[in-house]
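Trainee: Residue numbers (the working numbering), protein chains in the order written: chain A, 1 to 278; chain B, 1001 to 1278.
There are 2 protein chains.
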Amino acid sequence: METVAIIGVGLIGGSIGLAARRRGLCGRVVGIGRDQTRLRKARGLGAVTAMTTSIEEGVRDADLVVVCTPVDCISQHVLRAAASCRRPALITDVGSTKAAIVAEVERALNSSVSFVGSHPLAGSDKSGVAFARDDLFDGRAVVVTPTRRTRPGDVRRIKEFWSGLGARISTMTPQAHDKAVAATSHLPHIVAAALAANTPERWLHLVAGGWLDTTRVAAADVELWAQILLHNRKNVLHALGLHQEAMEVFAQALIRGNKKELLRLLAAGQRRRNALGS
Amino acid sequence: METVAIIGVGLIGGSIGLAARRRGLCGRVVGIGRDQTRLRKARGLGAVTAMTTSIEEGVRDADLVVVCTPVDCISQHVLRAAASCRRPALITDVGSTKAAIVAEVERALNSSVSFVGSHPLAGSDKSGVAFARDDLFDGRAVVVTPTRRTRPGDVRRIKEFWSGLGARISTMTPQAHDKAVAATSHLPHIVAAALAANTPERWLHLVAGGWLDTTRVAAADVELWAQILLHNRKNVLHALGLHQEAMEVFAQALIRGNKKELLRLLAAGQRRRNALGS
């Protein structure tokens, strides 16, 4: 690839630029955004080699366009990019939800330009290009979400791109992806926010590692997260309902003073948690 | 102080020994436990200078006894130590709950030996002396929980001991302590366990930083935690009820697609979380 264009150069977009350059995946990285100051910062950090506030101009010579804007804007940015970039350019995104975005894009996309949805599971409670890292995707999961309309060759190219950045790839339908991340990401976010918000201020001096870990993601950008939760609200509500039931089972074990049941519930959590690293 | 005796030399007990020795707070640290192998390991790591499986023998010459056993055993260990140690020895503990332990001890304690309850908020999802660290208490909160029966001079000595290990001290009644940690520690633990247990195994390859942080404490020792939750079940159930209500408010905002309300809820969590470090 000669040129990669990145629309939205924050933590994820900036890290894609840094990683692509470090690994020599492309010659040029064009950063596209609304804010000149932030674009200059991205260039200063080496995340992009060129910059523009015009999507049309920025994508013109791109072989690959990666849309890294908030989920509410992604489909329109993909479509604007598609209208300006030359074939055989490929477009992908990094949105945390996939079904609505992919459906909106496929409904409107001229078939001569290719789009494949992606979701690198590599966010953090931090945002902004200042936190971008060239190793953000090393060993991290990226879900690629082709549909029946996606050409196999395009899926392969997008997978190669993410593998080239160090990620391990999963392929899922947009719907299956959204269902999974409702449980693995969106529900934990709501739980963290609710826990943090409802800890009385007078007790904050008593929090320790457990509280700090459990609530960490609540520090993330609230506008981005409100969009994500609303995009995926059906699946999130389902996951939230199951969580409410699980908490009620805990409550019943406590009410009854049933230690055997409490041990069973705690052990189930411990087993699943230990299946992964710290 | 010449001699500190530690009953139960795991993560916390071992760290007390390491920190007390590093800071020169005492000449000898006697480790008391049931398991010779673990005691030898503690001595090998420098957490204790002497070891015994007999509480009676181990506390005999102690100026301070610190009981670091699971909460279900603490009051009986305090009372056994009190029966064998010489005045003016002082006894404290490190239990994660305080009201039941302090009440049980005060009900039975001969007034010639002094007990002051403590709770260093410095646990982790790890357990065992292998994870002990001589800086575990640096800057961490330790709650000291005197009652109307506690002599002011004894409270002062216990506070000095914990300050000497690098901790910052809060003083609360046992009841106020238990109410606070139900919200800051015990509820997050249940939430983490429920989240981990209810994430379907087929989606575990998709978890990222948010899930890993939010569920981390679920890896902790389940027997210790079942005891803690049952000790404090009235307060934990109260905190759990408030959390369920907060989650229901989130659910309603999602059902209605009310973005303004979602932003308000997420911002409340973000604000409280940002009041503390990462």
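The beta carbon of each residue, even a glycine, is placed where N, CA and C say it ideally should be.
On a predicted model such as this, the values are computed, not experimentally measured, just so you know.
1. Val-1067/B to Leu-1195/B, Cα distance in whole Å?
2. Residues of chain B with a CB under 8 Å from the CB of Arg-140/A: which are they?
3. Beta carbons nearer than 7 Å to chain A: which residues of the segment 1236-1248 of chain B have them?
4. Would DSSP call Phe-250/A helix, strand or coil?
5. Run through DSSP, which three-state label would Thr-1184/B get?
6. Under the assumption that Ser-75/A contacts Val-113/A (Cβ atoms under 8 Å), give the Cβ distance between them as a whole number of angstroms.
7. Trp-225/A versus chain B: which residues are under 7 Å apart at the beta carbon?
8. Could you check where the alpha helix (DSSP H) with Pro-1152/B kicks off and where it finishes?
9. Any Cβ of chain A within less than 8 Å of the Cβ of Pro-1188/B?
10. Would you report the Cα separation of Asn-1232/B and Gly-241/A, rounded to the nearest angstrom?
11. Can the beta-carbon of Phe-1250/B be found less than 8 Å from the beta-carbon of Ile-190/A?
12. Considering only their Cβ atoms, is the gap separating Asp-1134/B from Leu-1011/B smaller than 8 Å?
13. Return the CA-CA distance between Val-1071/B and Leu-1206/B, expressed in angstroms with no decimal places.
14. Closer than 7 Å by beta-carbon distance: list the chain B residues that pair up with Lys-259/A, in chain order.
15. Figure out for me which residue from Lys-260/A, Ser-54/A, Trp-211/A and Gly-14/A has the closest Cα to the Cα of Ala-300/A.
16. Less than 8 Å between the beta carbons of Pro-1174/B and Thr-1215/B, yes or no?
17. Using a threshold of 8 Å, state whether the C-beta atoms of Arg-22/A and Val-29/A are closer than that.
18. Does Leu-1263/B come out as helix, strand or coil in the three-state DSSP assignment?
19. In terms of alpha-carbon separation, which member of His-238/A, Asp-93/A, Leu-212/A and Gly-257/A lies closest to Leu-187/A?
20. Within the same chain, show all residues whose beta-carbon is closer than 8 Å to that of Glu-56/A, passing over the 5 residues directly before and after it, in chain order.
21. With burial defined as no fewer than 16 other Cβ atoms inside 10 Å of the residue's Cβ, what is the status of Gly-210/A: buried or exposed?
22. For the segment 119-143 of chain A, which residues have a beta carbon sitting closer than 8 Å to at least one beta carbon of chain B?
23. Any residues in the segment 1158-1192 of chain B with a beta carbon nearer than 8 Å to a beta carbon of chain A? Which ones, in chain order?
24. How would you write the range of the beta strand (DSSP E) that Asp-134/A sits in, first residue to last?
25. By the three-class DSSP mapping on this structure, what secondary structure does Gln-5/A have?
26. Could you pull the DSSP bridge partners for Ile-91/A from this structure?
27. Determine, for Ala-99/A, whether the minimum Cβ-Cβ distance to residues of chain B falls below 8 Å.
28. Taking DSSP as the reference, what is the three-state secondary structure of Gly-31/A?
29. Should Arg-38/A go down as buried or exposed, given a rule of 16 or more other Cβ atoms within 10 Å for buried?
30. Would you check if the distance between the CB atom of Ala-1290/B and the CB atom of Val-1004/B is smaller than 8 Å?
31. Does DSSP classify Thr-52/A as helix, strand or coil?
32. Kindly indicate if chain B contains any beta-carbon less than 8 Å away from that of Leu-212/A.
33. Give the DSSP-derived three-state secondary structure of Ser-1170/B in the structure shown.
34. Under 7 Å Cβ-Cβ, which residues of chain A neighbour Ile-1255/B?
35. Taking its Cβ as the centre, do 16 or more other Cβ atoms sit within 10 Å of Asn-1274/B, making it buried, or is it exposed?
Mentor: Reading it off the structure:
1. 32 Å
2. Ala-1208
3. Val-1236, Leu-1237, Leu-1240, Leu-1242, His-1243, Gln-1244, Ala-1246 and Met-1247
4. helix
5. Reduced to three states, the DSSP call for Thr-1184/B is helix.
6. 14 Å between Cβ atoms; not a contact.
7. Leu-1266
8. 1152-1164
9. The beta carbon of Pro-1188/B falls within 8 Å of a beta carbon belonging to chain A, placing the residue at that interface.
10. 26 Å
11. In contact: Phe-1250/B and Ile-190/A (Cβ atoms closer than 8 Å).
12. It is not a contact, given that the beta carbons lie outside the stated cut-off.
13. 37 Å
14. Ala-1226 and Leu-1230
15. Outside the modelled stretch of chain A, which goes from 1 to 278, sits residue 300/A, for which no answer is possible.
16. no
17. no
18. helix
19. His-238/A
20. If the five residues before and after Glu-56/A are omitted, its C-beta is found closer than 8 Å to the C-beta atoms of Arg-80, Ala-83 and Ser-84, all from its own chain and listed in chain order.
21. buried
22. Leu-121, Ala-122, Gly-123, Ser-124, Asp-125, Arg-140, Ala-141 and Val-143
23. Ser-1170, Ala-1180, Val-1181, Ala-1183, Thr-1184, Ser-1185, Leu-1187, Pro-1188, His-1189, Ile-1190, Val-1191 and Ala-1192
24. It is not in any beta strand (DSSP E) - Asp-134/A carries neither H nor E in the DSSP assignment.
25. Note on identity: in this sequence residue 5/A is Ala, with Gln being the wrong assignment. Three-state result, Ala-5/A: strand.
26. Under the DSSP definition of a beta bridge, Ile-91/A partners with Val-65/A and Phe-115/A.
27. no
28. strand
29. buried
30. The structure shown does not extend to residue 1290/B, since chain B is modelled only from 1001 through 1278, so no value can be given for it.
31. strand
32. It does: the Cβ of Leu-212/A has a partner Cβ on chain B nearer than 8 Å.
33. strand
34. Leu-237
35. Around the beta carbon of Asn-1274/B, fewer than 16 other beta carbons sit within 10 angstroms, so the residue counts as exposed.
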